[in-house]
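Structure first, commentary second.
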Amino acid sequence: MSVLFSEEQMCFRQELKDFFSSQSIQEKLIEVRKNKDYDPREIYEEMGKRGYLAANWSAQYGGLGKSWMETAIVAEEMSLHGIPEALQVISIQIVGNLLWLEATEQQKKRYLPLLAKGEAYASVLYTEPQAGSDLGSLETYAEPLGDHRYAIYGTKVYSMKTHLSDYGLCAARTTTGKSKYDGMTLFMVPLFGEGVDVRPIPSMGDESFYEVTLNGATVTEAEIIGEKDHGWSLINKALAVERTGLDYYIRALRWLNLLPEFSQTHCKIARVEQTKLASKVENARLLTYRVLRQLDESGEVDEKLTLISKWYASELANEVVDFGMKTGGFASTLRDAEKESLEAAYREAPGLTISAGSSEMMMEALTQLVLISKE
5 MSVLFSEEQM CFRQELKDFF SSQSIQEKLI EVRKNKDYDP REIYEEMGKR
55 GYLAANWSAQ YGGLGKSWME TAIVAEEMSL HGIPEALQVI SIQIVGNLLW
105 LEATEQQKKR YLPLLAKGEA YASVLYTEPQ AGSDLGSLET YAEPLGDHRY
155 AIYGTKVYSM KTHLSDYGLC AARTTTGKSK YDGMTLFMVP LFGEGVDVRP
205 IPSMGDESFY EVTLNGATVT EAEIIGEKDH GWSLINKALA VERTGLDYYI
255 RALRWLNLLP EFSQTHCKIA RVEQTKLASK VENARLLTYR VLRQLDESGE
305 VDEKLTLISK WYASELANEV VDFGMKTGGF ASTLRDAEKE SLEAAYREAP
355 GLTISAGSSE MMMEALTQLV LISKE
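The working numbering applies: residue 5 is where the sequence shown begins, and numbers increase by one.
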């Protein structure tokens, strides 16, 4: 019996284990891993048929009506069974959950069932060449065309899984205000329409980034998520959900499980250090669960806790990989086409301390919150 999970949740975990380890899914996984920039959509479609992709959404939107904790269980089992999770994280956990929490009922009915069933996917279009950590420098703008339509102009960079996505959650300026954060609006932009050009950007990791050029891409008011000119507050809500630590913790866990296979060092010091890392990963897990339970209980999260969770888990993932590379010897530098290797993790890990806000930004924001609370 688990003190963290109910009997029903343990049964759900076993159901997922059986599904991901089935012959049909494992055969599909072999094909997915043959391509460097993983395309797991066939596997996701099978997950979608069972409601696994968006387990915390209600049945009318294609989910199972479960809690955020079941979402964590799905993420853990995907990771432990080697299912590439980036597309699910972006499309469901980031974009989809923001729609689930903030979109109108009409928008939910339009987008969520497609995302939950794996029939459509969404990516994030926030970052620009001159607007990365500080989105206040955003230059992409939406020009009114009349008849409730807008034309969007600008360039977005470092978007992931955009080549597989049908929609992009795009931040654009609709007005200017006293603050540089005023006048932002979020749009769901169709990525296969006119005025949209998607090009790959080479990256250190196996999965590419993408540049999206918007040259008069047309949208209507029906594609506006939340209130016009008030997109900044929604972006912050989306970041809070992204910073639960879940996406980062599961990587630390998965990469920790690679260590015994590669470690050639049997000295006592190495064994002690590996045990310490396992303890830290469990700490990251518990911290992530604490954030998710807050979402289940109140629908909101403590911003300080999310900052700590994201910072801790992303830094820990890098610590795990560094240890593996130091103790694994030559084997840790070899690439394996059929399964994840520590070499691939070594190339991916640094980016975790940048995505959703750099580690330095997490510490700065946390310091400001602590100081404000003491005033």
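C-beta: ideal position from N, C-alpha, C; glycine also. What you are looking at is a predicted structure, and each value in this text was computed from that prediction instead of being measured.
A straight line joining the alpha-carbon of Glu49 with that of Leu68 spans about 15 Å. Ranked by how close their Cα comes to the Cα of Glu277, the residues Leu296, Glu123, Thr331, Lys21 have Thr331 in first place.
Judged by DSSP secondary structure, Cys15 falls within the alpha helix (DSSP H) whose first and last residues are 11-24.
Listed as beta-bridge partners of Ile87 by DSSP are no residues whatsoever. Distance from the Cα of Glu106 is smallest, within the candidate group Ser377, Arg294, Glu231, Val223, for Glu231.
Check the Cα spacing between Leu149 and each of Ala63, Tyr157, Arg247: the tightest is with Tyr157. Rounded to whole angstroms, the gap between the alpha carbons of Thr248 and Asn287 is 14 Å.
From the listed residues Arg297, Ser207, Met329, the smallest Cα separation to Gly355 is found for Ser207. For Thr224, the number of other beta carbons within 10 angstroms of its own is below 16, and it is reported as exposed. Excluding residues up to 5 positions away in sequence, Thr131, Pro133, Glu215 lie with their Cβ nearer than 6 Å to the Cβ of Val161 in the same chain.
Taking the CA atoms as reference points, Gln298 sits about 6 Å from Val305. Taking C-beta separations shorter than 6 Å and ignoring five residues to either side along the sequence, the partners of Ala124 in its chain run Leu118, Asp170, following chain order. Note on geometry: alpha-carbon atoms of Asp326 and Glu227 lie some 44 Å from one another. Where Phe213 is concerned, there is no enclosing alpha helix (DSSP H), although the beta strand (DSSP E) around it starts and stops at 213-224. DSSP places His234 in the strand class (E or B) of the three-state scheme. In this structure, the beta-carbon distance from Leu250 to Ala90 does not fall below 8 Å. Within the region 43-70, the runs of alpha helix (DSSP H) at least 4 residues long that lie entirely inside it are, in chain order, 45-53. Counting only runs of at least 3 residues, the region 75-156 fully encloses the following beta strand (DSSP E) elements, listed from N- to C-terminal order: 126-129, 145-150.
The region 195-209 makes no contact with the region 136-151; the number of CB pairs closer than 8 Å stays below 3. For Val245, the secondary structure class from DSSP, reduced to helix, strand or coil, is helix.
Spanning the alpha carbons of Val99 and Phe191 requires a straight line of approximately 11 Å. Sequence-distant partners of Tyr350 (beyond 5 residues in either direction) whose C-beta falls short of 7 Å from its own C-beta, in its chain, are Val325, Met329. The shortest C-alpha to C-alpha distance from Thr189 to any of Arg177, Leu168, Pro88 is the one to Arg177.
In the three-state reduction of the DSSP assignment, Ile358 falls in the coil class. A distance below 7 Å between beta-carbons, with the five flanking residues on each side excluded, links Gly122 to the following residues of its chain, in chain order: Arg45, Tyr48, Glu49, Met51, Gly52, Leu57. DSSP, read as helix, strand or coil, puts Tyr253 in helix. Annotated as proximal: Thr292 and Ala317, with beta-carbon spacing under 8 Å. Taking the Cα of Ser163 as reference, the smallest distance to any Cα among Val93, Asn219, Lys38, Leu116 is reached at Val93. The DSSP-derived three-state label of Asp326 is helix. At a Cβ-Cβ threshold of 8 Å, Gly197 and Thr166 do not count as neighbours. Counting along the chain, Leu290 sits inside no beta strand (DSSP E); it lies in the alpha helix (DSSP H) bounded by residues 272-302. Annotation note: the region 175-214 contains the following uninterrupted beta strand (DSSP E) runs of length 3 or greater, listed N- to C-terminal: 188-194, 200-205.
Residue environment analysis places Arg258 among the buried positions, since at least 16 neighbouring C-beta atoms fall within 10 angstroms of its C-beta. Distances from the alpha-carbon of Lys284 to those of Ser302, Ser313, Ile29 put Ser313 closest. Val161 sits in a strand when the DSSP states are folded into three classes.
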